[in-house]
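Here the sequence shown stands for residues -22 to -1, 1 to 524, numbered as in mature numbering (1 follows the signal peptide of the UniProt record, and there is no 0).
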Amino acid sequence: MKKHLFTCFLASLCLYGSTLTAQSKGADSPPDKDLVYQSGFPGQESFRSSASLGEAAPVVVYVETKRIESVDSLLFQLWDPYLNENDLPLPEVAQLELSQGTMYDGSRATMRGQWESKPISGYGRLSLRFNKFTYLDRFLVEPGDSVRIRLDFVNARMLFSGPAAEKFRVQYELANAYENYRYDQNPTMFTGDSDYWGYSTEDSLSILNIKNQQSSIRRKMEFVSPGPVGLSHLENIFSMDISSHPGFDILDFYQGKVGEDFLEILRADLIGRLHFDQVFKFSTYYMEDSSHREFFQEKILGKNIPIPAAAKHSAYFPEYIYQKLAIESALSKEPFRHLLGHLPQEVHDQVYAIYIIKNYRLFKNSNRQFELALDQIQTPWVKEEINRLYSAQGIGQTISEIPLVDRQGNEISLNSLQGKTLLISFWLPGCQFSSNAYQSLIKPTEQYFTEDEDIEFVYISHDRLPERWNNNIESGNYSTEESLNLNAPGPPHPFMEYYNIRYFPTFMVVDKDGTVQNIGNIPDLSEELIHYLESINAESKPNQSK
């Protein structure tokens, strides 16, 4: 029997923002305040920023696009500091509207604009996106960095100039090297059948054709099945010499062109990313047997990967350590927190925080886990983030008074619904998982309680388009039209940010006193959910007389 090690619980959830772009106010500096040019041309300042770490200064990006008519704005995301891309802390988000360039500033036939961040005093991470397309993915930035970027869609290239150009250029080359390294390898597909031929005659013919082709330039799918085939595939993955990755040659090339500390963080990024890929593959192909356990002991636990000093600033190394320790915890049954003792304090704190942020809604006693983490975490910004999350997510807290909007446009606070046990379903338009959960779990449960006036079902969407929201309600795919339907229009919306509702569907249970009893960890079978709601409702009845 195959047993997956679920160290990331996003397989059946929709992530908000994966297809919808966030919008907020962006800085649009006039030409006479263009910091890209104030610091001189490339080469004049070598790899120095206009500020040093600890000295607060903004990051400034002047960007030109050449030329796709539909690209009239770009989305900037800045994490300061960075811990996790999809969770907390949330990034500063700005939608930069672009304007037509002119021949007088060398931007003819382009759309251009300038973005400026809030002042930062330490390392940050910057992403640049348009709809589903990502052009910069969590690029490392320092206070005072300024750069000019041209997104040349006509000739399919990205150009960098300005004082921080080399910092951006090395990361752009590293990103290309990482993707090319993956492109050199055949894609894989995990199947339950060692003799897999697809699900149709057409599939079988396609697979046969690919297996028979002899080509030095075309890739072919490798089908990986449980057992010896999967273990052999893991052996191949872990036998790869990570030190030969072309990214390290790129880092060596930029020695003396970019600051050494900056390069060491990028080196920690690359090492962490490559080891993460290996460990994640292991969790994907794992089977509960002695061979896989021995493989883990030898290839993962037995491999001593030094923790770079720059790991505390890396976007990838703490994620690698988390993934490795999460698997070790699952196999050894040892509490995750007991496996952190060997880590440097700042890395320890980040890894522990990642564990809490990813899993707090799955804990049987989340309050206890928050308290244990806060007792061990010492890094101020990490402790502040976990403490803020605990204040909002702690079981036993009163439901927030932040208002939501009903279908008539009236503001309603969930706190005003005291006296009833609430099951709250958060859903996202277009999310199949939200629809599936409603049809198979929430709808039959609600039908059971049709005559029970003590239990109310509330459906909350996160939709910036009221007409689409109403149409989705009427479709019956996500909620019951006759129930209380509310919207948290945005992005962003303070209620959704307060409760960190970013994955859909998410469920919340609130008792008659307005006290949160559960966030995201309800039973997944209707019969069990019915019993759970009945018990919450019964336990809160004595408080009705208060």
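Backbone N, C-alpha and C define an ideal beta-carbon position, used for all residues, glycine too.
From a predicted model like this one, the values you see are computed outputs, not experimental measurements.
So, residue i versus residue j, is the Cβ gap smaller than 8 Å?
i, j, result
"P284", "A246", "no"
"L382", "I390", "yes"
"R339", "G140", "no"
"A370", "I355", "no"
"R480", "D65", "yes"
"W93", "F54", "yes"
"Y368", "Y333", "no"
"N465", "P407", "no"
"R116", "A351", "no"
"S344", "I373", "yes"
"L183", "H223", "no"
"F240", "K277", "no"
"F201", "Y177", "no"
"R128", "E42", "yes"
"M218", "M167", "no"
"F108", "L56", "no"
"Q325", "K290", "Here residue 325 is Val; the residue named in the question, Gln, does not match the sequence. Yes, Cβ-Cβ distance for V325 and K290 is below 8 Å."
"G492", "Q396", "yes"
"L244", "L152", "yes"
"F273", "L209", "yes"
"I508", "T423", "yes"
"A288", "E242", "yes"
"E47", "S99", "no"
Shortest alpha-carbon distance to residue i belongs to which of the options?
i, options, result
"F146", "L118, N109, Y161 and V207", "L118"
"V125", "V132, A153 and S95", "S95"
"M89", "L68, L503, Q55 and K44", "K44"
"Q425", "W405, E460, N450 and V38", "E460"
"residue 565", "L53, F201 and T376", "Nothing can be reported for residue 565, as the shown portion of the chain is limited to -22 through 524."
"S77", "T112, P444 and V49", "V49"
"F295", "I249, K277, I305 and N158", "I249"
"T262", "L244, D239, I305 and S268", "I305"
"R346", "P470, V329 and N365", "N365"
"P97", "V37, M167 and M474", "V37"
"F427", "H223, P444, L511 and L367", "L511"
"N282", "L321, L244, R315 and A288", "L321"
"L318", "Q73, V329 and A87", "V329"
"D327", "I243, E362 and D502", "E362"
"residue 526", "F138, Q73, Q410 and P165", "Examination of residue 526 is not possible in this model, given that the chain is present from -22 through 524 alone."
"S504", "I420, G122 and P472", "I420"
"D384", "K342, N414 and D441", "D441"
"residue 527", "Q323, E506, G397 and Q275", "This structure cannot speak to residue 527, because the chain is shown only from -22 to 524."
"F138", "S269, Y40, P313 and D502", "Y40"
"I433", "L462, E445, I188 and L443", "L462"
"Q323", "F348, M81 and P358", "P358"
"S394", "D430, N337 and D489", "D489"
"E70", "H509, P470 and L507", "P470"
"M486", "E312, L443, V436 and V257", "V436"
"S221", "Y156, F258 and E238", "Y156"
"K342", "I500, E517 and H270", "I500"
With residue i and residue j assumed to form a contact (beta carbons below 8 Å), what rounded beta-carbon distance in angstroms separates them?
i, j, result
"F260", "L229", "Not really, about 26 Å apart at Cβ, beyond 8 Å."
"S85", "G79", "3 Å"
"F404", "P467", "14 Å between Cβ atoms; not a contact."
"Y298", "F254", "4 Å"
"M265", "P204", "5 Å"
"T399", "N496", "That belief does not hold up - the Cβ atoms of T399 and N496 are roughly 11 Å apart, past 8 Å."
"Y416", "S453", "Incorrect: roughly 11 Å between the Cβ atoms, too far for contact."
"Y476", "S378", "6 Å"
"L31", "P121", "7 Å"
"D123", "A142", "4 Å"
Could you tell me whether any Cβ in chain D is nearer than 8 Å to the Cβ of residue i?
i, result
"N455", "Judged by its chain identifiers, the structure shown contains no chain D, having just a single protein chain."
- Item | Given 8 Å, three or more beta-carbon pairs between the region 40 to 60 and the region 102 to 111 | Judged by Cβ distances under 8 Å, the region 40 to 60 makes contact with the region 102 to 111, as three or more pairs qualify.
- Message: In chain order, what are the residue ranges of uninterrupted beta strand (DSSP E) at least 3 long that sit wholly in the region 85 to 140?
- Response: Listed in chain order, they are 89 to 94, 102 to 108, 111 to 119, 124 to 130 and 135 to 139.
- Does the region 223 to 237 come close enough to the region 139 to 153 that 3 or more CB-CB pairs lie under 8 Å? Touching, yes, given that three or more Cβ pairs across the two stretches are closer than 8 Å.
- Task: Could you pull out every unbroken beta strand (DSSP E) segment of at least 3 residues lying fully inside the region 347 to 416, listed in chain order?
- Result: DSSP runs (the beta strand (DSSP E)) wholly in the region 347 to 416: 382 to 384 and 399 to 405.
- Item | Length-filtered (3 minimum) beta strand (DSSP E) runs lying within the region 141 to 225 | Qualifying beta strand (DSSP E) stretches, in chain order: 166 to 168 and 200 to 202.
- Message: Restricting to runs no shorter than 4 residues, where is the alpha helix (DSSP H) found entirely within the region 453 to 515?
- Response: 472 to 476, all fully within the region 453 to 515.
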